[in-house]
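In terms of my numbering, the sequence shown opens at residue 14 and continues consecutively.
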Amino acid sequence: MKVLQINIEEIPESELKPKYESEENMGFGQIKTDRMFTASYRDGTWKDLTIKKYAPIILDPTAVCFHYGQTIFEGQKAFWTQEGHINLFRPEKNAARFNLSAQRMMMPEIDPEIYLTGLKELLIIEKDWVPKSKGSTVYIRPAMIGTEPCLGLRASNEYLFFIILSPSRSYFPEILKLYVSEQYIRAAPGGMGSAKTGGNYAGSLLVGQVAKKAGFDQVLWLDAIHRRYVEEVGAMNIFFVYNDVVYTTPIESDTIVHGITRESVIQLIQDFGYTVKEESLAIDKIVRGIKEGALVESFGTGTAASIVPIGSLFYRGENHIIIEFKVGSLTKKVSKKLLDIQYGNIPDPYKWIVRVI
Ligand code: COI
Numbered sequence: 014m015k016v017l018q019i020n021i022e023e024i025p026e027s028e029l030k031p032k033y034e035s036e037e038n039m040g041f042g043q044i045k046t047d048r049m050f051t052a053s054y055r056d057g058t059w060k061d062l063t064i065k066k067y068a069p070i071i072l073d074p075t076a077v078c079f080h081y082g083q084t085i086f087e088g089q090k091a092f093w094t095q096e097g098h099i100n101l102f103r104p105e106k107n108a109a110r111f112n113l114s115a116q117r118m119m120m121p122e123i124d125p126e127i128y129l130t131g132l133k134e135l136l137i138i139e140k141d142w143v144p145k146s147k148g149s150t151v152y153i154r155p156a157m158i159g160t161e162p163c164l165g166l167r168a169s170n171e172y173l174f175f176i177i178l179s180p181s182r183s184y185f186p187e188i189l190k191l192y193v194s195e196q197y198i199r200a201a202p203g204g205m206g207s208a209k210t211g212g213n214y215a216g217s218l219l220v221g222q223v224a225k226k227a228g229f230d231q232v233l234w235l236d237a238i239h240r241r242y243v244e245e246v247g248a249m250n251i252f253f254v255y256n257d258v259v260y261t262t263p264i265e266s267d268t269i270v271h272g273i274t275r276e277s278v279i280q281l282i283q284d285f286g287y288t289v290k291e292e293s294l295a296i297d298k299i300v301r302g303i304k305e306g307a308l309v310e311s312f313g314t315g316t317a318a319s320i321v322p323i324g325s326l327f328y329r330g331e332n333h334i335i336i337e338f339k340v341g342s343l344t345k346k347v348s349k350k351l352l353d354i355q356y357g358n359i360p361d362p363y364k365w366i367v368r369v370i
């Protein structure tokens with residue numbers, strides 16, 4: 014096994030940031046730790062593996078990422094356990110998905126060993142930043158950008174990979190109100206909807222703002238062709254519970270993000286005895302299900318989001334309420350189970366946890 018050489022740059026004590034005062038008020042993504050991991054791709058290989066001070070990145074104004082969108086990212090979390098360990102959740106899955114995004118965006122894959130070792134070493138050095146209270150985590154953001162100066166349209170020959178850490182609380186409020194978009198779509202078959210690339214998120218901002226202004230939290234995207242079948246919520250995959258049958262959009266389509274939380278939740282709820290059907294549901298059927306009381310719960314899943322109950326869907330001028338105040342029993346149960354595994358409160362029969370310290 015090859016040993017990776019990571020250059021660790023010293024930071025003078027006087028340049029270290031003050032730690033956050035309260036874990037309760039940390040918010041999401043606002044605090045960044047002292048250091049970042051970086052690696053550069055030049056001449057066909059990844060090199061210069063470094064842990065250095067968190068700092069702005071200086072690029073030529075013609076860098077490909079600025080103009081032609083060669084950017085990809087991942088989202089992960091690190092959890093502090095009662096025994097004083099740091100747990101990562103299925104990190105090898107993130108590294109694999111990162112490389113799928115890279116392939117789609119004509120970017121070089123990164124050796125999972127560089128990705129995972131860089132992440133673990135960074136977490137070890139930054140361990141004092143890992144929050145210890147319930148509901149707090151370190152949100153991890155690995156990313157890659159095309160850095161070569163070039164105004165002609167082609168893939169960059171040079172890239173920067175970096176990992177930053179952000180001690181964070183939850184991403185969403187308690188219960189979400191969704192706005193169903195019929196006019197705009199997020200992704201089309203054959204497009205890049207399954208890649209975690211900036212353009213997919215930029216394209217969602219306009220409708221996101223319409224939804225926010227109208228008092229909703231997030232957009233529920235429908236398929237591009239029929240404008241009828243539910244896809245995802247942009248920052249999350251989505252599940253619909255009809256008593257003991259649970260539906261979620263299949264990932265065979267290349268239009269949704271292949272959620273790692275989604276995959277884990279499918280496993281957990283199957284093990285609770287539910288039937289999971291990976292089928293796209295039509296929005297009109299969902300609305301009918303809500304009206305008739307057959308659809309009893311819905312929840313979103315994602316790394317930043319974890320598991321969030323969906324309270325209502327606004328579709329064609331009407332708000333359809335699934336729950337108002339009381340979170341559904343499956344949502345509660347699966348959320349507790351997942352968090353208990355992630356925080357190391359219960360054994361992990363699935364071998365999902367990778368212990369860092
Ligand atoms: C994540 O859940 O980690 C994501 O990448 C979604 C992002 C919009 C916060």
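Beta carbons: idealized from backbone N, C-alpha and C, even for Gly.
Beta-carbon separation (whole angstroms), residue i vs residue j, contact threshold 8 Å
i	j	result
P144	E276	No, P144 and E276 are not in contact; Cβ-Cβ is about 26 Å, not under 8 Å.
S325	K209	With 8 Å as the limit, S325 and K209 do not qualify as a contact, their Cβ atoms being about 27 Å apart.
L308	I269	With 8 Å as the limit, L308 and I269 do not qualify as a contact, their Cβ atoms being about 20 Å apart.
V347	V278	6 Å
M249	G302	Not quite, the Cβ-Cβ distance comes to about 20 Å (not below 8 Å), so this is no contact.
K66	E22	7 Å
V367	P104	6 Å
T377	L17	This structure cannot settle anything about residue 377, because the visible part of the chain is limited to 14 through 370.
V369	I99	4 Å
T316	G211	About 17 Å; that fails the 8 Å criterion.
Rounded C-alpha distance that separates residue i from residue j
i	j	result
P74	I64	25 Å
H80	G159	10 Å
N20	K90	24 Å
V340	Y356	22 Å
A327	H333	The amino acid at residue 327 is misidentified as Ala; the sequence shows Phe. The alpha-carbon atoms of F327 and H333 are separated by roughly 6 Å.
G206	G40	28 Å
A201	D353	36 Å
E305	V254	13 Å
Y128	G272	19 Å
T344	E310	7 Å
S266	A295	15 Å
N213	G221	12 Å
P125	A109	7 Å
E96	I359	12 Å
L72	W59	18 Å
I138	R329	51 Å
W365	V223	38 Å
D61	G165	27 Å
L118	F86	Reading off the sequence shown, one finds Met at residue 118, where the question assumed Leu. Answer to the nearest angstrom: the Cα atoms are 11 Å apart.
E292	R48	43 Å
F174	F50	8 Å
A215	I251	20 Å
T94	I70	33 Å
F338	I264	31 Å
Y372	F102	As shown, the chain starts at 14 and ends at 370. That puts residue 372 outside it, with no answer to give.
V258	L132	38 Å
E28	A68	12 Å
Residue i: first and last residue of the uninterrupted beta strand (DSSP E) it sits in
i	result
H239	Run containing H239: none; DSSP gives neither H nor E here.
A91	89-93
P31	Counting along the chain, P31 falls outside any beta strand (DSSP E), and DSSP gives it neither H nor E.
R368	366-368
V193	189-194
G324	319-328
V77	Unbroken run through V77 is the alpha helix (DSSP H), 77-81; no beta strand (DSSP E).
Q116	Run containing Q116: none in the beta strand (DSSP E); it sits in the alpha helix (DSSP H), 104-117.
A52	48-55
N250	250-255
6 Å Cβ shell around residue i - same chain, five flanking residues per side excluded
i	result
E122	N112, A115
P322	I188, F312, V340, T344
G88	T316, A317
Minimum Cβ-Cβ distance from residue i to chain B less than 8 Å
i	result
N100	Considering every chain present, this structure includes no chain B. It has just one protein chain.
Sequence-distant residues of the same chain with beta carbon closer than 7 Å to residue i, five excluded per side
i	result
G148	R182, S183
G247	R199, S217, Q231, V232, W234
S146	E36
K106	I273
P362	none
Residue i - containing alpha helix (DSSP H), residue span
i	result
I127	125-138
I261	The question names Ile, yet the displayed sequence has Thr at residue 261. Not the alpha helix (DSSP H): T261 falls in the beta strand (DSSP E), residues 258-261.
K371	There is no way to answer for residue 371, as the model of the chain reaches only from 14 to 370.
S274	For the sequence presented, residue 274 should be read as Thr rather than Ser. Per DSSP, T274 belongs to the alpha helix (DSSP H) from 273-284.
L351	342-355
V143	Premise fails: V143 is in no alpha helix (DSSP H) and is neither H nor E.
G221	218-226
K290	Element bounds for K290: not the alpha helix (DSSP H) but the beta strand (DSSP E), 288-291.
Sequence-distant residues of its chain with Cβ nearer than 8 Å to residue i (five each side left out)
i	result
K32	D141, W142
L235	V193, S194, E195, I198, R241, Y242, V243, E244, I296
P180	Y33, E36, M39, I44, T46, W142, V143, P144, S149, T150, V151, Y152
L351	T274, S277, V278, L281, S319, I320
Three or more C-beta pairs under 8 Å: does that hold for the region 287-296 against the region 153-166?
With a cut-off of 8 Å, the region 153-166 and the region 287-296 do not count as touching, because too few Cβ pairs lie within range.
Counting pairs of Cβ atoms below 8 Å between the region 234-247 and the region 79-96, do you hit three or more?
In this structure the region 234-247 does not lie against the region 79-96, because fewer than three pairs of beta carbons, one per stretch, are closer than 8 Å.
Pair every Cβ in the region 224-236 with every Cβ in the region 189-199, then say whether three or more of these pairs are closer than 8 Å.
Yes, the region 224-236 is in contact with the region 189-199.
Do the region 54-63 and the region 165-175 touch if we need at least three Cβ pairs shorter than 8 Å?
Taking one beta carbon from each stretch, the region 54-63 and the region 165-175 have 3 or more pairs nearer than 8 Å; the two touch.
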